[in-house]
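Student:
Protein chains: 2
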Amino acid sequence: MSFELRDRDLLGRIGRLRTKGGEVETPAFMPVVNPLLQTLPPRRMRKEFGCDIVITNSYILRRQFGDVPGLEIHGLLDYDGVIMTDSGAYQILVYGSVEVTQPEIIDFQKAIGSDIAVILDIPTGWDVPRSDVEYTVEETLRRAEAAIPLIEGSEALWVGPVQGGRHLDLVARSARLVGELPYDVHALGSPTEVMERYMYPVLVDMAMTAKLNLPTERPLHLFGAGHPMVFAMSVAMGYDLFDSAAYALYAKDDRYMTSRGTTQLQDLQYLPCSCPVCRSHTVEDLKAMPRGERQRSLAEHNLYATVTEMDVVKQAIAEGRLWDLVEARAKGHPQMTSALKRLSAYKEHLERGSHGFKGRGVFYHDYHSLAKPEVTRHARRLIENYGRPEGKTTLLLVPAPPEKPFNTYPGYLRLREGLQPKLCEVHVCFVAAPYGVVPESLAETYPLSQYEVAEPLDHETQMFTVENAVEYVEASGHEKVVLVRGGDPFFDMLEEALRKSMPSLPVLRPENLWERETGEQALRLL
Amino acid sequence: MSFELRDRDLLGRIGRLRTKGGEVETPAFMPVVNPLLQTLPPRRMRKEFGCDIVITNSYILRRQFGDVPGLEIHGLLDYDGVIMTDSGAYQILVYGSVEVTQPEIIDFQKAIGSDIAVILDIPTGWDVPRSDVEYTVEETLRRAEAAIPLIEGSEALWVGPVQGGRHLDLVARSARLVGELPYDVHALGSPTEVMERYMYPVLVDMAMTAKLNLPTERPLHLFGAGHPMVFAMSVAMGYDLFDSAAYALYAKDDRYMTSRGTTQLQDLQYLPCSCPVCRSHTVEDLKAMPRGERQRSLAEHNLYATVTEMDVVKQAIAEGRLWDLVEARAKGHPQMTSALKRLSAYKEHLERGSHGFKGRGVFYHDYHSLAKPEVTRHARRLIENYGRPEGKTTLLLVPAPPEKPFNTYPGYLRLREGLQPKLCEVHVCFVAAPYGVVPESLAETYPLSQYEVAEPLDHETQMFTVENAVEYVEASGHEKVVLVRGGDPFFDMLEEALRKSMPSLPVLRPENLWERETGEQALRLL
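So the sequence lines, in the order shown, correspond to chains A and B. Residue numbering for the first sequence follows the numbering used here, starting at 1 and increasing by one per position. Residue numbering for the second sequence follows the numbering used here, starting at 1001 and increasing by one per position.
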């Protein structure tokens, strides 16, 4: 296996990708290196920026140098890390066609010693009629199949791209079929325009559709993604490799990148960064530099911002806090928040990707946090595994005490004493946002013993909690529900929702407005 | 004037504080320098970290050196920036009393040449009975008055502290009365424990109460605030100076600070930072260092993270995006999000602090963005200045077109054509989240022409929009309201809310579910 997973969070993962040119840790950002015009020498990128992998364009190289025998990419770039080469597909997107055949560019990439190489796929592009999209998908698939005999025996890792643009059914087909072929790496083609137009919700649907239809164990590349603002979300969707020339292109336009967005140099009054460029210059220094030097300095800053964000993302995976980071980065632009909402709809998939949790306290900031895998998993397992315990016909719903674990809180212990004689027939659950229902027997397990919710709860979180509770009651088959009425704001909502969803189920509730601690009246209703 | 404001956003500001030891730009973080034990030499702090101001403890100095004639603080610390000295109040908090009188420590601070000096106030502390809190407030006020003749003619700037802890009425009294005395700087005393316990919502109430009761033009210091996570919010509340030893104390406990929170070194697998320490070491390097070296390196990283965040905050002020930053930082901990909600309740005060906007597109991410001054100001001005134009008896509410400015959208222009004959009596407003109502005549003005809202809208934003619209209709005195029914999700809510709030107002709405573009039916209802 060339790809080994070491850690996971959501669909994101930390992995080791072995290539003939060396190992790379993923998620990894590959700066685009223009072989003919180097803003920063690749050797420096590795030494100073920690870039163990770069990408360059084999089509441009071949046009420049032709099929020179002995041409070797690592020597040419003076770079001893891993080199991926693109095939000219981007040039097809921009110019409509290229002066090379797929067998020629595959042979060329083999000859120059690319470590990761790409077939000559046909990018879908943007704003094209569906029939054209269908052509790019089918032709890319045809080429992916045709390439198999050509790449057999090659030492490089080969990339099978996915096309389809915003036509999700075609993305799904493209991913499913190319995933059946023996490629080492997959890639989602040409979302660049989607990103340039800030259409992040569209990107989420494209990226998730590709991801969910590809073999999950293969590394996945997002072509052209290079803004640090989108890394956390893209990694959370299961993408491992990213490439872009944005760090240099933005610098050319005097644009300064941060994980929160982009600022024009002229709008900067401070350098909000601690990278070597920003610590050794004032903003006035930068503005006063001659154009060439300024572009180089901005490119360096942009690359620092880019590679540092990847470390932020990896550390978030290590801590099991990737979703918190995605939430924070979504504040960079309203379209990022829209994308967060879109991604939240895939929460069941995000949960399935999260293999085991890190044992840290889980944070629920607001309704965006409801997509966290911990809460999705709890709701699912509750219904699958913890229905109604044998013999317990009555469900007693107790407001969550103010301290965790709930079952050892003194006020609750007093209620439990009075409950003692009935315990064989009464199933005690706490009603706790955002989980819904927490059975007493699980109150000391992770994450139910260790989480924090921002208060006051927003409407969405209240509704979510009530819905989760109702779903559990629907599935559990209790004969009677008794609510220990408390100050929790959603107890009225809960009662109403239970009566509405199960009109024939007896739902009893004491008159006394607040008797959380002893629950005497509730006990009389049992 | 020793304090000059250069820029503002919310209650936050960028200012220039002139002292006898030099000028300092605010907001500024002052690292606490222990005169007897320097983790980092103050000279290096200035040169490498850009700290133009530090704080040290005059009480400790006096105990160590006594009243040595000629003792001068800048020479002693080998530091040529601005030096603030604390008075021993912190030691009163920790040890209950100090072996110095107020006149003695005031004289000492004058003698050693402090640039900013503090009277000997009595910190309130935490979890103390109200009678004790009252004592600390009254005694601090008494001392503040008694100090006036002692500090008269002093070249230093003098700080008049505010006490009261979480007793907001006492904080208000303390602030109001000390604000009447001729101090140069004010400070909110001892919120340290509140911050250590993550009680950020309490901090917001304390900090806002002090701020709103003090002369706004004087610089304001938040004692003991040194975690980068709280800077954006604290600056947004109008605080200008911050001091803390946290950068060094956290390092002692192997804690690594970022603007998103704190991580134990042992839990770091990556260094999510681009500061000189983190770029020149791997996390394994740091973990393997001898204790002393490790502490020094961590203290350096922590100080870089701290001062860099202050630049992030200042740049956010320059861009008019401080609230976006506050929202992003609130994702660091649920208690920070709770604090954000608490702060949102002060939105009228935040709006009054924001003098003019920066002309950038305004971002509305979710309901947290509803506290932005742009939307508060629009709602207020709409009612104050743009009631019902002369002669226009009918209000026509049109769904906001999908593009801005609303009044030049082709679909709307078609509707307007049909409207032409009635324009003398019809007042046209767009219904647009989150503003509520946008009169046609304002559609091309900032920020109504230039904002973005994340979609789909959350429940809170829908409700807020409807409430703003209803408030306007209540205040405007139209005789009739006609709704041009559209696909906007809140048009049903709006109709219901209008009927509920003004049962006798005719609210007309066409039958046709979707006729946004021509609005023919609506026109017939006019």
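From the three backbone atoms N, C-alpha and C, an ideal C-beta is built for every residue, glycine too. All values derive from a computational prediction rather than experimental measurement.
Note down, in chain order, all residues in the stretch 1128-1139 of chain B with a beta-carbon under 7 Å from any beta-carbon belonging to chain A.
Tutor: none
Student: Here's a check: name, in chain order, each residue in its chain whose Cβ is nearer than 6 Å to the Cβ of A:W126, leaving out the five neighbours to either side.
Tutor: Residue numbering aside, residue 126 of chain A sits at position 126 when the first sequence is read from its first letter. Same-chain partners within the cutoff: E193.
Student: Does the Cβ of A:E68 have 16 or more other Cβ atoms within 10 Å, making it buried, or fewer, making it exposed?
Tutor: Within the first sequence, the letter at position 68 stands for residue 68 of chain A. A quick correction: the sequence has Val, not Glu, at residue 68 of chain A. The residue is exposed, with fewer than 16 neighbouring Cβ atoms inside 10 Å.
Student: Of all the options B:N1302, B:L1303 and B:Q1266, which has the alpha carbon lying nearest to the alpha carbon of B:D1285?
Tutor: Mapped onto the second sequence, residue 1285 of chain B falls at position 285. B:D1285 has its Cα closest to that of B:Q1266, out of B:N1302, B:L1303 and B:Q1266.
Student: Under 8 Å, CB to CB, which of the residues in the stretch 1260-1274 of chain B have a partner in chain A?
Tutor: R1260, T1263, D1267, L1268, Q1269, Y1270, L1271, P1272, C1273 and S1274
Student: Taking the continuous beta strand (DSSP E) assigned at B:E1455, which residues delimit it?
Tutor: Translated into the one-based positions of the second sequence, residue 1455 of chain B becomes position 455. Neither: B:E1455 is in no beta strand (DSSP E) and is coded neither H nor E.
Student: Would A:E325 count as contacting chain B if we go by Cβ distances under 9 Å?
Tutor: Locating residue 325 of chain A in the first sequence gives position 325, where the first residue counts as 1. Sequence check: residue 325 of chain A is Leu here, not Glu. A Cβ of chain B is located within less than 9 Å of the beta carbon of A:L325.
Student: Report the neighbours of B:Q1038 on chain A: residues whose CB is nearer than 9 Å to its CB, in chain order.
Tutor: Counting from one through the second sequence, the residue named residue 1038 of chain B turns up at place 38. When 9 Å is used as the limit between beta carbons, B:Q1038 is near no residue of chain A, the shortest such separation being about 21 Å.
Student: What residues of chain B sit near A:A363, judged by a beta carbon separation below 9 Å?
Tutor: Indexing the first sequence from 1 puts residue 363 of chain A at position 363. It should be noted that the sequence gives Phe, not Ala, for residue 363 of chain A. In chain order: K1331, G1332, H1333, P1334 and T1337.
Student: CA-CA distance, B:A1400 and A:G292?
Tutor: Within the second sequence, residue 1400 of chain B is the residue found at index 400, counting from 1. Within the first sequence, residue 292 of chain A is the residue found at index 292, counting from 1. So the two alpha carbons sit approximately 46 Å from each other.
Student: Taking C-beta pairs closer than 9 Å, name the residues in chain A that B:K1314 reaches, listed in chain order.
Tutor: Numbered from its first residue, the second sequence carries residue 1314 of chain B at position 314. Simply Q269, Y270 and P272.
Student: Could you tell me whether the Cβ atoms of B:L1203 and B:P1191 are closer together than 9 Å?
Tutor: Position 203 of the second sequence, counted from the start, is the residue given in the question as residue 1203 of chain B. Position 191 of the second sequence, counted from the start, is the residue given in the question as residue 1191 of chain B. Against a cut-off of 9 Å, the Cβ pair of B:P1191 and B:L1203 comes out as a contact.
Student: Residues of the stretch 294-318 of chain A with a CB closer than 7 Å to any CB of chain B: list them in chain order, please.
Tutor: Y304, T308, D311, V312, K314, Q315 and A318
Student: Could you compute how far the alpha carbon of B:L1325 sits from the alpha carbon of B:K1020?
Tutor: On the second sequence, position 325 is the one that residue 1325 of chain B refers to. On the second sequence, position 20 is the one that residue 1020 of chain B refers to. Taking the straight line joining both Cα atoms gives about 34 Å.
Student: Going by DSSP in three states, B:L1298 sits in which element: helix, strand or coil?
Tutor: Here residue 1298 of chain B is taken as the residue at index 298 of the second sequence, counted from 1. B:L1298 falls in the helix class under three-state DSSP.
Student: Closest to B:T1056 by CA distance: which of B:P1042, B:T1140 and B:G1050 is it?
Tutor: The residue you call residue 1056 of chain B lines up with position 56 of the second sequence. Nearest C-alpha to B:T1056: B:P1042.
Student: So, helix, strand or coil for B:G1113, using DSSP?
Tutor: Sequence index remark: in the second sequence, residue 1113 of chain B carries index 113 (1-based). Correct three-state label for B:G1113: coil.
Student: To the nearest angstrom, how far is it from the Cα of A:S2 to the Cα of A:G81?
Tutor: The residue given as residue 2 of chain A occupies position 2 in the first sequence. The residue given as residue 81 of chain A occupies position 81 in the first sequence. So the alpha carbons of these two residues sit roughly 16 Å apart.
Student: Report the rounded CA-to-CA distance for B:D1205 versus A:I83, giving the unit in angstroms.
Tutor: The residue you call residue 1205 of chain B lines up with position 205 of the second sequence. The residue you call residue 83 of chain A lines up with position 83 of the first sequence. The straight-line gap from Cα to Cα measures roughly 55 Å.
Student: If we ignore side chains and look at the alpha-carbon of each, how far apart do A:Y412 and A:V428 end up?
Tutor: The count along the first sequence starts at 1 and reaches residue 412 of chain A at position 412. The count along the first sequence starts at 1 and reaches residue 428 of chain A at position 428. Taking the straight line from one Cα to the other gives about 11 Å.
Student: Any idea what DSSP makes of A:Y256, helix, strand or coil?
Tutor: Working through the first sequence from its first residue, we reach residue 256 of chain A at position 256. In this structure, A:Y256 counts as strand in the three-state DSSP scheme.
Student: Give the DSSP bridge partners of B:I1083, in chain order.
Tutor: By 1-based counting over the second sequence, the position of residue 1083 of chain B is 83. Per DSSP, B:V1054.
Student: What would DSSP say about B:P1405, mapped onto helix, strand or coil?
Tutor: Taking the first residue of the second sequence as position 1, residue 1405 of chain B is located at position 405. It is coil, neither helix nor strand.
Student: Measuring only the C-alpha atoms, how far is A:H167 from B:G1359?
Tutor: Taking the first residue of the first sequence as 1, we reach residue 167 of chain A at position 167. Taking the first residue of the second sequence as 1, we reach residue 1359 of chain B at position 359. Distance between the alpha carbons of A:H167 and B:G1359 is about 37 Å.
Student: Unbroken alpha helix (DSSP H) runs of length 4 or more, entirely within the stretch 106-194 of chain A: which are they?
Tutor: 130-151 and 168-179
Student: So with Cβ pairs under 9 Å, would you call B:A947 a contact of chain A?
Tutor: The question about residue 947 of chain B has no answer here: the residues shown for chain B are numbered 1001 through 1526.
Student: Got a sec: which bits of the stretch 455-481 of chain A sit with their beta carbon under 7 Å from any beta carbon on chain B, in order along the chain?
Tutor: E455, P456, D458, H459 and E460
Student: Short of 7 Å in beta carbon distance, which residues of its chain neighbour A:T376, apart from the five on each side in sequence? Order them along the chain.
Tutor: Taking the first sequence and counting its residues from 1, one reaches residue 376 of chain A at position 376. Same-chain partners within the cutoff: K347, E348 and E351.
Student: Considering only the beta carbon of each residue, do B:L1538 and B:H1227 sit closer than 9 Å?
Tutor: Residue 1538 of chain B lies beyond the range of chain B shown here (1001 to 1526); nothing can be said about it.
Student: For the beta strand (DSSP E) containing B:S1244, list its first residue and its last residue.
Tutor: Residue 1244 of chain B sits at position 244 when you count from the first residue of the second sequence. Where B:S1244 is concerned, the enclosing beta strand (DSSP E) stretches over L1241 to S1244.
Student: With a threshold of 16 other CB atoms inside 10 Å of the CB of B:P1334, please say whether the residue is buried or exposed.
Tutor: Stepping through the second sequence from its first residue, residue 1334 of chain B is reached at position 334. Buried, by the Cβ-count rule.
Student: When the cut-off is 9 Å and only beta carbons count, does B:E1425 lie next to chain A?
Tutor: Taking the second sequence and counting its residues from 1, one reaches residue 1425 of chain B at position 425. Closer than 9 Å: no.
Student: Leaving out five residues before and five after B:A1497 in sequence, what residues of the same chain have Cβ atoms less than 7 Å from its Cβ?
Tutor: Indexing the second sequence from 1 puts residue 1497 of chain B at position 497. Answer for B:A1497: V1466 and V1470, listed in chain order.
Student: So which residues of chain B does A:A328 contact, with C-beta pairs closer than 7 Å?
Tutor: Taking the first sequence and counting its residues from 1, the one referred to as residue 328 of chain A is at position 328. By Cβ distance, chain B contributes R1260, A1328 and K1331.
Student: Taking B:L1212 as the reference, give the member of B:W1158, B:P1276, B:L1011 and B:F1223 with the closest Cα.
Tutor: Here residue 1212 of chain B refers to the residue found at position 212 of the second sequence. It is B:L1011 whose Cα lies nearest to the Cα of B:L1212.
Student: Assuming contact is defined by CB atoms lying nearer than 9 Å, are A:M257 and A:H186 in contact in what I supplied?
Tutor: Position 257 of the first sequence, counted from the start, is the residue given in the question as residue 257 of chain A. Position 186 of the first sequence, counted from the start, is the residue given in the question as residue 186 of chain A. Their beta carbons are not under 9 Å apart, which means A:M257 does not touch A:H186 by this criterion.
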